[in-house]
Amino acid sequence: MKKYFTVIVFTSLFSGYLQAQIIPPDFLCVKGDTLFWELPVNNCGPFISYDIYTSNDINGPFSLLTSVSNPGQTFFHHPNPSGALRYYFLQSNHDCPGFLLFSSDTLDSRPPQVSSLKRVTVNGGDVLLSWEDSPSPEVSDYIIYRRDPIGVVPIDTIPVGTNTYLDANAEPDMESESYFVNALDRCGNTSIFDLEHHTIFLEGEPTRCNISLNWNLYENWSNGIGSQEIWIGTNGNTPIFYNTIPPNTNSFLFTEVNNGDSYCFIIQAIENNTGEISRSNEFCVSADFVQPINELFIVNVNVEADNSVTINWGKNEAADVAQVDVFRLNVNGGFEIISTENPQSPLPAFNQYLDQNANAGLGRQTYQVLVKDSCDNQLSSTIGSTIYLTGNQLNTTASQLNWTPLEIDNAVVFDYEITRISNGGETLIGTVSSNNFSFEDNFDISDIADGTICYYIEATGEVLSPNGVSINIISRSNVLCFDQEIKIFTPNALAPDGFNQEFKPVILSGSIAQYEMQIFDRYGDAVFSVDDPDDGWKGKKDGKKLPQGVYVYRIVLTLESGEQAEKSGYVMLLR
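Just so we're aligned: the sequence shown equals residues 33 to 607 in our numbering.
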């Protein structure tokens with residue numbers, strides 16, 4: 033919104049003093065279709081009204097819209113269903129003969145006009161913003177917005193009269209920071225978002241004999257970038273001008289590197305015509321010749337709970353690493369690349385990679401790592417293969433386990449430990465020598481409360497690194513599980529006075545949470561019921577012997593795991 037004034041000019045003087053004035057209301061803003069103002073102080077004579085004038089043209093003519101006769105009223109609603117642009121000013125009407133009548137600011141029905149950003153620039157570790165004043169007279173504050181991972185969020189509010197802001201919570205050394213500035217009036221109206229401005233984020237990469245720089249170009253200057261400059265500080269000295277580069281260039285290769293020196297770089301962008309300057313963060317690096325890769329080996333391969341595989345690998349500590357490729361053996365017997373990374377320098381001596389696309393539950397996984405330095409020299413590591421566990425249930429009380437050996441070049445396996453998982457806990461059930469790859473587990477099915485039994489194998493051993501140091505390792509296999517079926521065995525006859533005196537089922541299952549057995553005669557009447565699996569039927573009802581004949585049984589049980597089973601049939605009662 034523009035600032036307009038309707039002023040009655042006066043020149044007459046009375047006794048050397050300015051003629052007295054009738055002060056208009058302080059016209060605050062237009063919010064929606066409602067005008068808001070603050071009450072003036074006029075003591076010259078009786079109050080008559082607040083007069084509101086309007087026009088569809090800033091140049092008039094203005095006509096009286098309404099007169100507000102309530103001296104305490106501070107708003108007026110003027111419906112504007114079409115959203116047409118309207119202009120308003122206010123006057124105070126008092127019975128004060130001879131007093132000069134003044135008008136308020138002329139405001140329109142639009143929100144405040146934008147306050148355009150002039151620049152954002154890195155200032156040490158902070159970001160400094162500067163912007164143009166909004167031309168709208170009702171603006172009271174400026175809202176500063178920054179783009180964060182959650183979106184565009186307000187970070188501060190600055191009163192009118194200040195056109196700069198220092199964001200001390202920014203991280204321009206980590207990323208390009210982005211900003212907006214909105215004008216705000218006292219009714220809460222804000223201007224629309226103007227173009228977003230970003231700090232210049234400079235990063236780079238040293239190689240054997242040069243330093244590669246790259247950055248984002250400054251965007252949304254109305255006049256565009258006129259030129260860019262590179263400033264360089266050497267060995268801790270203040271950066272000085274080095275070179276001018278074209279306005280559309282966002283990379284530079286610095287080749288004047290002296291081994292052992294440290295360098296700090298700044299990119300400076302200059303707006304065309306205005307000379308506004310935006311500086312990047314300071315990127316610093318120490319130049320050093322590439323340390324060749326001469327040690328590269330697989331330390332361990334370990335299967336995780338979700339059948340992904342962690343590959344641990346090592347190198348000589350000072351080796352320069354520009355690229356790491358991880359390979360996995362495919363079904364055709366050849367290695368295929370599964371990951372390429374360009375790690376941050378310096379890379380530690382020991383590293384790991386998680387192969388989330390592996391499925392170690394379906395077969396053995398074999399890996400190799402290839403590393404390149406910044407001069408494209410490369411070296412392949414030794415090879416490592418995971419333990420793959422398979423097996424089957426021999427019966428309801430025994431499992432047969434078989435596994436492939438842990439194979440890592442230059443590794444020695446001491447032994448294999450077998451762990452059973454059941455009822456939410458783990459139990460070490462056996463240890464075998466390094467040349468043994470099978471194990472038979474005998475268990476009591478009634479101890480398996482959740483109906484499932486699982487196993488994994490762990491190999492303990494050591495790997496000999498290329499420099500002769502032994503590294504202890506533990507490598508785990510995939511987890512192999514068997515679901516235990518509930519089995520209910522029942523006799524087909526009982527002879528209370530003979531050899532089989534009680535009808536009681538034999539149940540092979542996990543822990544039983546609920547149990548019920550019922551016996552019915554041939555008419556469907558219940559003759560016996562029990563909720564304890566250790567109690568059987570002895571051919572009686574209420575303590576009295578029942579006659580010989582065929583009876584029907586029904587057994588329903590629920591395990592602690594929630595699994596249910598039911599069985600029904602006939603049993604012959606013999607007398």
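Beta carbons: idealized from backbone N, C-alpha and C, even for Gly.
Buried versus exposed, by CB contacts within 10 Å (16 or more), residue i
i: Tyr602; result: exposed
i: Leu96; result: exposed
i: Met206; result: exposed
i: Pro378; result: exposed
i: Glu170; result: buried
i: Arg607; result: exposed
i: Lys347; result: buried
i: Gln300; result: buried
i: Asn362; result: exposed
i: Leu285; result: exposed
i: Val213; result: buried
i: Ala215; result: buried
i: Leu426; result: exposed
Neighbourhood of residue i by C-beta distance below 8 Å, restricted to the same chain and skipping five residues each side
i: Asn74; result: Ile54, Ile55, Ser124, His126 and Cys128
i: Ser413; result: Leu328, Phe329, Ile330, Trp345, Gln400, Val401, Leu402 and Val403
i: Gly104; result: Leu71
Cβ neighbours of residue i in the same chain (closer than 6 Å, five flanking residues each side left out)
i: Arg452; result: Thr459, Ile461 and Tyr487
i: Ser101; result: Ser81
i: Arg586; result: Gln550 and Ser600
i: Asp226; result: Val146 and Ser148
i: Ser294; result: Asn267 and Ser318
i: Pro191; result: Asp173
i: Thr522; result: Pro537
i: Gln596; result: Thr590
i: Glu209; result: Val159, Ala202 and Thr231
i: Asn332; result: Asn344, Ile505 and Ser507
i: Thr106; result: Trp69
Residue i versus residue j - alpha carbon distance
i: Ile302; j: Ala116; result: 41 Å
i: Asp65; j: His110; result: 5 Å
i: Thr281; j: Leu249; result: 8 Å
i: Arg554; j: Ala525; result: 15 Å
i: Tyr22; j: Asp180; result: Examination of residue 22 is not possible in this model, given that the chain is present from 33 through 607 alone.
i: Ile90; j: Cys61; result: 16 Å
i: Thr86; j: Tyr174; result: 28 Å
i: Ile520; j: Val335; result: 37 Å
i: Ile343; j: Glu439; result: 13 Å
i: Phe367; j: Ser340; result: 18 Å
i: Ile187; j: Lys150; result: 18 Å
i: Ile224; j: Thr189; result: 16 Å
i: Asn504; j: Val495; result: 7 Å
i: Glu164; j: Tyr177; result: 15 Å
i: Arg218; j: Gln384; result: 57 Å
i: Asn389; j: Glu373; result: 16 Å
i: Thr398; j: Asp473; result: 28 Å
i: Thr418; j: Glu490; result: 10 Å
i: Arg387; j: Phe359; result: Arg is not the amino acid found at residue 387; the sequence shown has Asp there. Approximately 10 Å between the Cα atoms of the pair.
i: Pro380; j: Ile325; result: 13 Å
i: Gln546; j: Asn391; result: 38 Å
i: Gly220; j: Val356; result: 54 Å
i: Ile370; j: Lys63; result: 59 Å
i: Met33; j: Leu122; result: Confidence at Met33 is low in this model, with a pLDDT of 38, below 50, so its placement is unreliable and the value that follows should be read with caution. Going by the C-alpha atoms only, they are around 17 Å apart.
i: Val184; j: Asp58; result: 33 Å
i: Val152; j: Asn88; result: 38 Å
i: Glu598; j: Phe471; result: 34 Å
Nonlocal neighbours in the same chain, by C-beta distance under 7 Å from residue i, ignoring five residues either side
i: Lys536; result: Gly568
i: Leu578; result: Val559, Gly571, Lys572 and Leu605
Supposed close pair residue i, residue j - CB separation, criterion 8 Å
i: Asn499; j: Gly393; result: About 35 Å; that fails the 8 Å criterion.
i: Phe514; j: Ile485; result: 5 Å
i: Ser406; j: Ala351; result: Going by Cβ atoms, the distance from Ser406 to Ala351 rounds to 11 Å, so no, they are not a contact pair.
i: Gly395; j: Ala443; result: Rounded, the Cβ-Cβ distance is 20 Å, inconsistent with contact.
i: Phe273; j: Gly236; result: Contact flag wrong, Cβ pair sits at about 18 Å.
i: Leu161; j: Asp199; result: 7 Å
i: Gln260; j: Ile243; result: So it is not a contact: roughly 17 Å between Cβ atoms.
i: Asn313; j: Phe233; result: 6 Å
i: Asn255; j: Asn305; result: 5 Å
i: Asp476; j: Ser465; result: Wrong, their Cβ atoms sit about 27 Å apart, outside the cutoff.
Short CB-CB distance (under 8 Å) between residue i and chain D
i: Ser294; result: Annotation note: the requested chain D is absent from the structure, which comprises a single protein chain.
*Only counting runs of 3 or more residues, tell me where the beta strand (DSSP E) segments fall wholly within the stretch 50-117, in order along the chain.*
58-63, 66-70, 79-87, 95-100 and 107-109
*Just list the alpha helix (DSSP H) runs in the stretch 423-456, keeping only unbroken ones of 4 residues or longer that don't cross its boundaries, in chain order.*
none
_What ranges does the alpha helix (DSSP H) occupy inside the stretch 303-353, keeping only unbroken runs of at least 4 residues that lie completely in it?_
none
_Threshold first: 3 residues or longer. Then list the beta strand (DSSP E) segments lying entirely within the stretch 537-575, N to C._
538-540, 544-552 and 558-562
*Complete alpha helix (DSSP H) runs within the stretch 463-511 (minimum length 4 residues, chain order)*: none
_I'd like the ranges of any beta strand (DSSP E) spanning at least 3 consecutive residues and lying wholly in the stretch 191-275._
196-199, 210-217, 234-238, 243-247 and 257-266
*Which whole runs of the beta strand (DSSP E) in the stretch 348-384 are 3 residues long or more, in chain order?*
355-361 and 367-373
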